Structures are given as C-alpha cells and as structure tokens.
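Chemist: Residues 2 to 621 in my numbering are what the sequence shown spells out, letter by letter.
Heads up, the beta-carbon is just placed ideally off N, CA and C, and yes, glycines get one too.
Predicted model only: the values in this text are computed from it and were never measured.
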Amino acid sequence: MNGFWGKILEIDLSKKSSEIKNVNESIMRKFLGGVGLAAYYLYKEVPKNTDPLDEKNVLIISPGMLVSSGIPTASKTTFVSKSPQTGAFGRAVAGATIGPEIKKSGYDMVIIKGKAEKPSIVIIEDDKIKIEETDLWGLDTRETQKRLKEKYQGFATAAIGPAGENLLRISIIDCEERQAARTGLGAVMGSKKLKAIAIRGTKKVPEFDHKMMLEQIKKWVNIMKDHPASRDDMKYGTGEFYAWMNTQKGTFPSRNWQQGYFEKAFDNLKEGQLSGIDPYNWAQKYVTGYHPCPNCTKPCGHIFEVKTGKYAGTYVDGLEYETMYSLGGNLEIDDPEAVAYLSMLCDLYGMDTISAGVTISWAMEAIEKNILKGDLKFGDPDSVAKVLKDMAYKKGDLGKLLSDGVRNAYRSLGKGQEFALEIKGLEPPAYDIRGIKGMALAEAVSVRGACHLTAGVYGTELVGKWWKFEGVDRLSAKGKGFEVKVHEDLMSLYDALGVCKFSRHMFFLEGFIDIIKAYTGFDMSIGELAYIGERIYNVERSFNAREGFTRKDDYLPERVMKDPIPKGVSKGSYVKKEELENMLDEYYQARGWSADGIPTKVKLFELDLEDIANEIGVGH
Numbered sequence: 002m003n004g005f006w007g008k009i010l011e012i013d014l015s016k017k018s019s020e021i022k023n024v025n026e027s028i029m030r031k032f033l034g035g036v037g038l039a040a041y042y043l044y045k046e047v048p049k050n051t052d053p054l055d056e057k058n059v060l061i062i063s064p065g066m067l068v069s070s071g072i073p074t075a076s077k078t079t080f081v082s083k084s085p086q087t088g089a090f091g092r093a094v095a096g097a098t099i100g101p102e103i104k105k106s107g108y109d110m111v112i113i114k115g116k117a118e119k120p121s122i123v124i125i126e127d128d129k130i131k132i133e134e135t136d137l138w139g140l141d142t143r144e145t146q147k148r149l150k151e152k153y154q155g156f157a158t159a160a161i162g163p164a165g166e167n168l169l170r171i172s173i174i175d176c177e178e179r180q181a182a183r184t185g186l187g188a189v190m191g192s193k194k195l196k197a198i199a200i201r202g203t204k205k206v207p208e209f210d211h212k213m214m215l216e217q218i219k220k221w222v223n224i225m226k227d228h229p230a231s232r233d234d235m236k237y238g239t240g241e242f243y244a245w246m247n248t249q250k251g252t253f254p255s256r257n258w259q260q261g262y263f264e265k266a267f268d269n270l271k272e273g274q275l276s277g278i279d280p281y282n283w284a285q286k287y288v289t290g291y292h293p294c295p296n297c298t299k300p301c302g303h304i305f306e307v308k309t310g311k312y313a314g315t316y317v318d319g320l321e322y323e324t325m326y327s328l329g330g331n332l333e334i335d336d337p338e339a340v341a342y343l344s345m346l347c348d349l350y351g352m353d354t355i356s357a358g359v360t361i362s363w364a365m366e367a368i369e370k371n372i373l374k375g376d377l378k379f380g381d382p383d384s385v386a387k388v389l390k391d392m393a394y395k396k397g398d399l400g401k402l403l404s405d406g407v408r409n410a411y412r413s414l415g416k417g418q419e420f421a422l423e424i425k426g427l428e429p430p431a432y433d434i435r436g437i438k439g440m441a442l443a444e445a446v447s448v449r450g451a452c453h454l455t456a457g458v459y460g461t462e463l464v465g466k467w468w469k470f471e472g473v474d475r476l477s478a479k480g481k482g483f484e485v486k487v488h489e490d491l492m493s494l495y496d497a498l499g500v501c502k503f504s505r506h507m508f509f510l511e512g513f514i515d516i517i518k519a520y521t522g523f524d525m526s527i528g529e530l531a532y533i534g535e536r537i538y539n540v541e542r543s544f545n546a547r548e549g550f551t552r553k554d555d556y557l558p559e560r561v562m563k564d565p566i567p568k569g570v571s572k573g574s575y576v577k578k579e580e581l582e583n584m585l586d587e588y589y590q591a592r593g594w595s596a597d598g599i600p601t602k603v604k605l606f607e608l609d610l611e612d613i614a615n616e617i618g619v620g621h
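Rendered as structure tokens:
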C-alpha cells in the first residue's frame, strides 16, 4: 500500500495495553485519512448514547493523508471524539508536529480508549508504546510539554492544562502552541486521566512514484511562493482582513453581537489611524518570528511577544483573527497587548479562546442587565483575566457558572438565552452571520455546532465568488442549500487530506488529482474526490442522527433571528425564521436527506455506507 501504512494504533488505558490493527486498502480509498478515517471509526467505536466523559468514549488522533508527504501546507491533524460540549460529533484540527510523528511511527491513526487509574502519559516511539503514571498533573500546558520534551528529546507532544483536568467542556488539547481547540476534547483526555502524549517516529510513508511526487512538491511550493495571498498571510497572519470586515462588510461582531462592527474602536479613529488590534498596527511592533505549521511554506502563524510594560513576558502564537474577535472586539478590548495576554492565559489553562471569550461577553451583558452578579465589564481586561482563572479551576460562583460555555451558563442561571450566542452548544466564530446568510445556514447545520470551517463558505459569501461559484449575494437567503452542501464536501476532503484551508484558493479541488496519483497510485477523478467528501460528511451527520440530533438542532441564536445589525454597512440585516426554514429545506434536499435532516437509506447506500444505512437511514 502506497501513501498509507494500513495500520491503526489502538491504546487501551484501562488495560495498559496497545494493539496494531490493519486497515484494508478499500477503506483507505473510501476515506483517505484525517477526518475521513476518524469519523468512520468514531461511528464504529463509540456506542450509542455514550456519555462523552465516560471511558467508553474514544479520542482519535488522525493526521491527514498528505501529512509528512512534503506537499506544502499539508500539515493538519484531526482530533475526533464525541464532544463533551455538544454531545455531537466533536472535531478539532491542529497544524501540529504530532501528526507527522504519528505517520513516521508507522500509523495512519491513533485511537485512545479506556481510562487510566492514575494520571498518565502515553509515549510512542515507532513500535514501542508505553503508558506511564505522571507527576505532571496540575501543570499548565506549556510547562507540561517543556518537562516532557526535556525527558523525551526530539518527541512531538500534546497535553491538557488545568481546564482539561477539571473537565471543562470548553477545554482544548495543546500541541506545542498549536491548539486542537473546539468542541471540548481536552475534557475527554481529562476524563481518561491522560495528561499528555509524546511521540517520535523514524519511518517514511511509502510513495507510489517518488519522482512524480518531487515534481508535485516543487510545483506547489512555487505556486504558493508567488501567490499574493501568501504575502499577506506571512506579513499579517489570519487577521489580515480585520479592518475590511469592520468597515467594508460590517460583519465583525462586537459587544456580544450587539454590534456588527467594533464601534468603540472604529467610531473614534482619526483619519489614517488604525484600530489597536489591527495587525497592520501591531505586526511590526510585536512579531518576532514565524511559528509555521509543519511543512508550511507560507506561514500565517507568528510569534507575538510583549517585552516591556504591564504585559511583559507575554509570548503567544498570534494574534489569530478569531482571538482578535473573541477576546478583543467582542469584549470591547482594543489593546493588542491585553488581547495577547488573555490569549496566552487561555492557552496555558487549556481553554478554547472562542468559547471562553463569547461566554464572558454573554456574562458582561447579563451583568449590565442586572440578571447576574459579578465585576466583569466590557473593555476591562483585568476582570477577564481573573475570571479566566476562576473558570479553569472552577472557582467562585461566576467561574463555575461560565466554565462549561454559554449554553450551560444560561441554562444554569435560568435567564439570558435571548442574547446567548451558541449553536448545538458551541459558541460562534468572528463572522456576524446576520449579514452573511450562507454562513448562517452553514453554522446552523454544521455537525459540530457554530463553526466557520466545516463549510468554509465565508470567503465565497463575502467576496461573492470562489471556484465554480459566482455572483453570490451574502444578504440573500436564496440558493444557499446547494452552496453550503458543496463547500462542506470540499472542506471534508481538505480535512481528510490534511491540507490547510487557507490554501483552498490555490489547490481548489483539481490540484489534488496528480498529487494523490503520485502518492498513492490511485487514479481519482474530480467526481470521486467530491464523492469522498460527501461520504465523510454523511458519516459525521449519521453519528449525530444516531445520537438523536434532528432538524430541531439546526437552529440559530435568537439574537441572529430577532435583532437586526444596528449600524454599519450591513445595517438592518438579520435572518428571519422563514428564511432559515427555507434554507434548511433547500439544504436537506441538496443533501438527499429527509425533511427532518436525517440521511436517507438511498443516499447512504449510494455512498457505499451500507452498514450505516441499515442502522440509521430513513426511508424504504
């Protein structure tokens, strides 16, 4: 088998054992790797109605098929589990060194099951697997991995912090300053008493045609080197379009989505002045180097350092666009040093910056409305820093209330749902979907909740075109079902291959044909690749359907459907209930699912998913 090992490493913490399981070539061709292989095995391994924090849940770590192949930006590893935050399909993706080391150790994927009796670490070195008790429990993510790497030099690491240990449903897995952040998978590691993983491999994945592969690597390195988007990514990172989102589109949510742009910052700027958190303002002052994902030739990851003043000693990968929103504009904080410091705290404690920031902004509004007590207030980073610590350690009334995200908070309080931002329990990213209606549908139907990357449709919506799509109107609810469906299938393929979605406007879909041929020997058409993406997404949706998710769970926050954007370019825009219902009907029809959003037997049989069709498929 070329391009794969055809082997999965299964580790059982309860039994302190490991086993290598073979995977036949037909399964690898159907799912490729990454999220594809992981989704299929999650469906198979986790029994129906399993509590996400029960030892029967599994944590799967699955590098994309092209990870370690040399193809530029093929760096992404997918972490999959039943989500503690949503109860649905949990997925978090990181451009982390753990992925290449898994591949170099001789495995296509690692499955971790069971629960250790005492805090433990897993050590993988090619065929040697060890499960050891550890004294690292209680340390933050950075210190944990520092000590682990001192003992296991040359190993890649992944670890949880206090948030994961305390089973926060918004906790992350940190991979050497790269975070598998969304859907609370750090709590899965914490529930298994698994503090960290260290891995090193010495093997090379066999290739079908080495010469052709080298040609493909050279071709794509040159394409990316000369692409204008690479220049902007490398200079300013993922937040390069921050000012554009505020001033040209009016779709940068702030003040807990009470506003469609960062009014406090932009309404007070003088001519030629920049918002504090705009990377065009801070990049030259604070960026001291690159922090690329493995094998990335156009790194958007930067090392952001503060060397003097109140926040001296702050060192973080960023500032990422999503964090500029969640811990910046959405909290009305326009100080890049403060936002970087809060981001670092989240990383150290092991919390998702999006979920943490959006939950805190809800609390700020609740306190202003006198339905909650606390000293949090918009624009005050000191109060945010204090509550982040309380959340991580589940201390104090406010820290405990907010520790598991906004849905748990408003349910526990019994108030505040009307201004809570969440879908399926997951807090939304930095796109005001009231003014981006295709994105509104994409977040409503996403298998993991409010997510911009499941479909990645925001670029198409905001620019108005991409790949085969042209003339897209972001303020119209018409024609969004097919658009979102196609984008979801394509992005599933990207996650299966492990290719960064910031390269989607370079590879598109056609670019993978020759790469896959050179690496695996598979002759695949564009149609087969699209089919693989559709198959993967149907497996993920089937997992959710088996766990009881239906149309009722494809909802939008009340604020999105009742409160129009008050000012700015997108003033007056919101998603009406009938618009959402019509988009859902159109989407389910494009998918070939039932009107209640359940995959049909016909569709699942068509996708060669007979076993899943017989279990959850609807229809005759």
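Count the other CB atoms within 10 Å of the CB of residue 374; is the residue buried (16 or more) or exposed (fewer)?
Modeler: Looking at its Cβ environment, which holds fewer than 16 other Cβ atoms inside 10 Å, residue 374 is exposed.
Chemist: Among 291, 438, 553, which one has its Cα closest to the Cα of residue 576?
Modeler: Of the listed residues, the one whose Cα sits closest to residue 576 is 438.
Chemist: Under 8 Å: do the segment 439-453 and the segment 570-584 share three or more Cβ pairs, one atom per stretch?
Modeler: The segment 439-453 vs the segment 570-584: in contact.
Chemist: With DSSP as the reference, label residue 110 as helix, strand or coil.
Modeler: Correct three-state label for residue 110: strand.
Chemist: If you follow the beta strand (DSSP E) that residue 432 is in, where does it begin and where does it stop?
Modeler: From DSSP, residue 432 is part of no beta strand (DSSP E); its letter is neither H nor E.
Chemist: Runs of 3 residues minimum, wholly inside the segment 246-313: which ones carry the beta strand (DSSP E) assignment?
Modeler: Counting only runs of 3 or more, we get 288-291, 303-306.
Chemist: Would you mind working out which of 485, 255, 302, 292 sits nearest residue 361, comparing C-alpha positions?
Modeler: Per the Cα distances, 255.
Chemist: In whole angstroms, what separates the C-alpha of residue 420 from that of residue 355?
Modeler: Their Cα atoms are separated by approximately 16 Å.
Chemist: Am I right that residue 213 and residue 73 are in contact with their C-beta atoms under 8 Å? What's the rounded C-beta distance?
Modeler: Incorrect: roughly 16 Å between the Cβ atoms, too far for contact.
Chemist: Using a 10 Å radius around the Cβ and a threshold of 16 neighbouring Cβ atoms, would you call residue 433 buried or exposed?
Modeler: It counts as buried.
Chemist: Should residue 429 be listed as close to the ligand FAD, given that the test is whether its C-beta is under 8 Å from any heavy atom?
Modeler: For the structure depicted, the ligand FAD is absent and the ligand set is empty, with no information on it obtainable.
Chemist: Across which residues does DSSP place residue 201 in a beta bridge pair?
Modeler: 126, per the DSSP bridge assignment.
Chemist: Quick check for students: name the residue ranges of the alpha helix (DSSP H) that lie wholly in the segment 426-507, counting only runs of 4 or more.
Modeler: Correct list: 438-446, 459-464, 481-498.
Chemist: Does the segment 142-152 come close enough to the segment 8-25 that 3 or more CB-CB pairs lie under 8 Å?
Modeler: In short, these stretches do not touch, since the Cβ pair count stays below three.
Chemist: Hey, out of 339, 569, 613, whose CA is closest to residue 544's CA?
Modeler: Of the listed residues, the one whose Cα sits closest to residue 544 is 613.
Chemist: For residue 23, list the residues DSSP reports as bridge partners.
Modeler: Partner(s): 8.
Chemist: Taking the C-alpha atoms as reference points, what is the distance between residue 415 and residue 562?
Modeler: Roughly 21 Å separates the two Cα atoms.
Chemist: Span of the alpha helix (DSSP H) holding residue 537?
Modeler: Start and end: 527-547.
Chemist: Give the range of the beta strand (DSSP E) segment to which residue 62 is assigned.
Modeler: 60-64 is the extent of the beta strand (DSSP E) around residue 62.
Chemist: Taking DSSP as the reference, what is the three-state secondary structure of residue 316?
Modeler: DSSP places residue 316 in strand when its eight states are reduced to three.
Chemist: Here's a check: name, in chain order, each residue in its chain whose Cβ is nearer than 6 Å to the Cβ of residue 580, leaving out the five neighbours to either side.
Modeler: Excluding positions up to five away in sequence, the list reads 478.
Chemist: Mind checking which residues open and close the alpha helix (DSSP H) that includes residue 386?
Modeler: Taken as a continuous stretch (DSSP letters only), the alpha helix (DSSP H) holding residue 386 covers 382-394.
Chemist: On the three-state DSSP scale, how would you describe residue 121?
Modeler: Note: residue 121 maps to strand in three-state DSSP.
Chemist: With DSSP as the reference, identify every bridge partner of residue 95, one or two as the case may be.
Modeler: Beta-bridge pairing links residue 95 to 78.
Chemist: Evaluate residue 553 with the Cβ neighbour count: other Cβ atoms within 10 Å of its Cβ, from every protein chain shown; 16 or more gives buried, anything less gives exposed.
Modeler: It is exposed - the Cβ of residue 553 has fewer than 16 other Cβ atoms within 10 Å.
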